[in-house]
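Be aware that the sequence shown starts at 379, since it is given in the working numbering, and climbs by one per residue.
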Amino acid sequence: MLSVRDRSPSAQPAAAHRALSVLAGVSLLAGMRLLWNSTITDYPLYGAVVVGSYGAIMVLAAAAVAVRTRRALTVVDAAVLVVGIALFICSVRTTMVPGHLATANDVGMVMQSGADEILRTGRLYGDNWPLAHSALAPGNSIISPTVLFDGRIVSNYGYPPLGALLAAGITALTGAPAGALLAAVLGLIATSVLMFRLLPAQLRPLAAVACFGLSILPRYALSEYPVLVALAFLVVAVADWPTVGAGDKLGLRGVVRAYCLGLAVATHQLAWFVAPFLVLGLWLVRRGRSRTLSATSLTARYTGIAAVSWLLPNLPFILRSPSTWLNGSLEPLPRPASRSPRRQPRSSCAPSPPPPRP
Numbered sequence: 379m380l381s382v383r384d385r386s387p388s389a390q391p392a393a394a395h396r397a398l399s400v401l402a403g404v405s406l407l408a409g410m411r412l413l414w415n416s417t418i419t420d421y422p423l424y425g426a427v428v429v430g431s432y433g434a435i436m437v438l439a440a441a442a443v444a445v446r447t448r449r450a451l452t453v454v455d456a457a458v459l460v461v462g463i464a465l466f467i468c469s470v471r472t473t474m475v476p477g478h479l480a481t482a483n484d485v486g487m488v489m490q491s492g493a494d495e496i497l498r499t500g501r502l503y504g505d506n507w508p509l510a511h512s513a514l515a516p517g518n519s520i521i522s523p524t525v526l527f528d529g530r531i532v533s534n535y536g537y538p539p540l541g542a543l544l545a546a547g548i549t550a551l552t553g554a555p556a557g558a559l560l561a562a563v564l565g566l567i568a569t570s571v572l573m574f575r576l577l578p579a580q581l582r583p584l585a586a587v588a589c590f591g592l593s594i595l596p597r598y599a600l601s602e603y604p605v606l607v608a609l610a611f612l613v614v615a616v617a618d619w620p621t622v623g624a625g626d627k628l629g630l631r632g633v634v635r636a637y638c639l640g641l642a643v644a645t646h647q648l649a650w651f652v653a654p655f656l657v658l659g660l661w662l663v664r665r666g667r668s669r670t671l672s673a674t675s676l677t678a679r680y681t682g683i684a685a686v687s688w689l690l691p692n693l694p695f696i697l698r699s700p701s702t703w704l705n706g707s708l709e710p711l712p713r714p715a716s717r718s719p720r721r722q723p724r725s726s727c728a729p730s731p732p733p734p735r736p
C-alpha cells in the first residue's frame with residue numbers, strides 16, 4: 379500500500395532500499411553536463427548550483443551505502459529529491475531568455491494564450507491564436523507546431539480548463555508571460571513531493587527517479603503540458619485507493635482523494651481514462667468487503683464529490699457557451715495530428731521536444 383509506514387525506522391535498511399537510493403542519485407547525473415554547459419556562461423549562479431549538485435550526489439550516494447538506520451536513509455532520500463528539484467529549477471532557467479520563452483513545443487504557446495484570453499475577456503474556448511508563436515516567442519526558431527492531416531496548425535485551446543485557469547492566476551500574480559510554464563513546473567515539483575510523502579519508505583527514491591532522473595516528465599514540464607498539473611492531483615487520488623471507504627465511510631481522506639480526482643479530470647484528458655477504472659475498482663473492493671448496497675452508496679458519494687470538483691472550474695465556460703465548451707474539451711480526441719512537416723534546429727539550452735499533443 380502507498381501509505382504504509384515503516385514500523386522500525388531504527389532498523390538496518392534493506393539492501394534493495396540502499397540500491398534504489400544510489401540509483402536515484404545516479405539517475406540525476408544524466409544530462410548534467412549539458413545543463414552545466416547551458417548555465418555556466420549565461421547564468422553562472424545556476425551553473426554553480428549544478429556543480430554543487432554533482433558533489434552532493436556523490437556524497438549522498440556514499441551515505442546511502444554507509445548509513446545504518448532506515449530513518450537516516452530516508453533523510454538521504456529526501457536530500458536526493460531536493461537536489462533533483464534544484465537541478466530541475468536550473469533547467470527551467472535555461473528556458474527563460476530575454477524577451478521570450480525558449481519553448482520547443484506549441485502546447486505552451488496555446489496554454490499561455492488561453493490564460494491571457496481568460497484575463498482579457500473571460501473566454502477560453504472557440505478562439506484561435508494563429509500569431510501566438512510570434513507574439514510569445516519572437517524570433518524563436520525552435521517552436522515545433524502541431525500540424526493536422528488537413529494541413530492546419532493547431533492554434534486553439536483543446537484541454538479542460540483548470541490548467542489555463544491556474545496559468546491565468548499565476549500570470550496575474552507575477553505579471554510575466556510565464557504562467558503556463560510555472561504551472562507545469564510547480565505541478566511536477568508537487569508531484570515529486572507527494573510521491574515521496576505517499577510512497578512506502580523503501581520506495582521513496584523512486585520519486586526522484588520518476589520525476590527528475592528520467593527526462594520524460596521534466597521535458598513535458600518545460601514544454602508546459604497541463605498533464606503535469608493533472609499528475610499531481612492523480613497521485614493523491616490513486617494513493618492507497620483500496621482503503622478508501624473502509625468501514626463504509628469515506629472520511630476526510632476519501633473526500634480529499636475524490637476531490638483531487640475531479641480536479642485531475644478538469645485539467646487533462648489523461649485523467650478521463652483513469653477515473654472510470656478507479657471508480658469501478660473502488661466499487662469492486664468495497665463490494666467484496668461489505669454489502670452491495672453499501673458499496674454502491676459509498677461509490678456514489680465518492681463519484682458525486684469528484685463530479686462537483688470537476689464542475690466548479692468548468693461551470694463558467696459551460697454557462698457561457700455549452701457547445702463551444704464541449705467541442706473544445708473533446709477536440710483532441712477525434713482530431714488526428716501528423717508530425718510537423720519540418721523540424722527546426724534546437725538550441726543547446728532547449729529541452730528535447732515531446733511528440734505532438736494528442
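All residues carry an ideal CB built from backbone N, CA and C; glycine is no exception.
Considering Cα atoms alone, identify which of the options is closest to residue i.
i	options	result
PRO604	LEU544, LYS627, VAL652 and LEU584	LEU544
PRO578	THR452, TYR424 and MET436	THR452
PHE466	SER593, THR552 and ALA402	SER593
PRO710	THR677, VAL532 and THR549	VAL532
LEU566	ALA542, GLY547, PRO583 and ALA608	ALA608
LEU639	VAL613, GLY623, PRO620 and LEU658	VAL613
SER699	ARG575, GLY500, VAL445 and SER431	GLY500
ASN415	THR472, VAL458, ALA457 and LYS627	THR472
ALA546	GLY623, ARG498 and PHE590	ARG498
VAL428	LEU459, ARG449 and CYS468	CYS468
LEU406	ALA653, ALA624, VAL634 and GLY591	GLY591
GLY706	GLN490, LEU438, ASN534 and ALA444	ASN534
ALA542	THR447, PRO691, LEU697 and ILE696	PRO691
ARG396	ARG411, ARG449, VAL652 and TYR421	ARG449
LEU559	GLU495, VAL485 and GLY623	VAL485
For the putative contact between residue i and residue j, defined by C-beta atoms under 8 Å, what is the C-beta separation to the nearest angstrom?
i	j	result
ARG665	ALA673	4 Å
LEU676	VAL470	LEU676 to VAL470, Cβ: 42 Å. No contact.
GLY557	THR549	3 Å
ALA617	LEU576	4 Å
ASP455	ARG582	5 Å
ILE418	GLY425	3 Å
PRO538	ALA644	5 Å
LEU656	TRP619	6 Å
Suppose you measure from the CA of residue i to the CA of residue j; what does that come to, to the nearest Å?
i	j	result
ALA585	SER570	5 Å
LEU540	ALA464	27 Å
HIS646	TRP688	11 Å
PRO731	GLY682	Note that PRO731 scores a pLDDT of 46, beneath 50, so its modelled location is shaky; the value from the coordinates is reported in the next line. The straight-line gap from Cα to Cα measures roughly 38 Å.
ALA392	ALA402	16 Å
VAL563	LEU704	28 Å
LEU502	MET487	14 Å
LEU398	PRO694	46 Å
ALA588	LEU595	8 Å
GLY504	ALA642	22 Å
VAL400	LEU708	43 Å
ALA636	ALA615	6 Å
ALA580	LEU572	In the sequence under discussion, the amino acid at residue 580 is Gln, which differs from the Ala named in the question. Roughly 15 Å between the two C-alpha positions.
GLY430	LEU606	27 Å
ALA389	ALA442	14 Å
PRO654	VAL404	37 Å
ALA457	GLY492	37 Å
VAL460	SER668	43 Å
GLN490	THR552	13 Å
ALA408	GLY433	14 Å
GLY632	ILE696	28 Å
THR621	PHE574	19 Å
ALA439	ALA394	14 Å
ASP626	ALA610	27 Å
ASN506	LEU412	36 Å
PRO736	LEU648	The pLDDT assigned to PRO736 is 47, lower than 50, so where the model puts this residue is not dependable, and the model offers no usable value.
ALA554	ASN483	19 Å
GLY462	MET410	11 Å
THR670	LEU658	13 Å
GLY623	ALA568	25 Å
ILE494	GLU602	For the record, residue 494 in the displayed sequence is Asp; it is not Ile. The alpha-carbon atoms of ASP494 and GLU602 are separated by roughly 15 Å.
With residue i as the anchor, note down where its alpha helix (DSSP H) starts and where it stops.
i	result
TRP703	700 to 708
LEU618	Contrary to the premise, residue 618 reads as Asp rather than Leu in this sequence. First-last for ASP618: undefined, no H or E at that position.
SER668	Here SER668 belongs to no alpha helix (DSSP H), and DSSP marks it neither H nor E.
SER601	Unbroken run through SER601: none, as it is neither H nor E.
SER399	393 to 405
ASP455	448 to 471
ASN415	410 to 417
VAL437	422 to 444
PRO555	Taken as a continuous stretch (DSSP letters only), PRO555 belongs to no alpha helix (DSSP H), as it is neither H nor E.
CYS638	629 to 643
ALA493	485 to 499
PRO583	583 to 586
Check the DSSP bridge columns for residue i and list the partner residues they point to.
i	result
ASN506	ASN534
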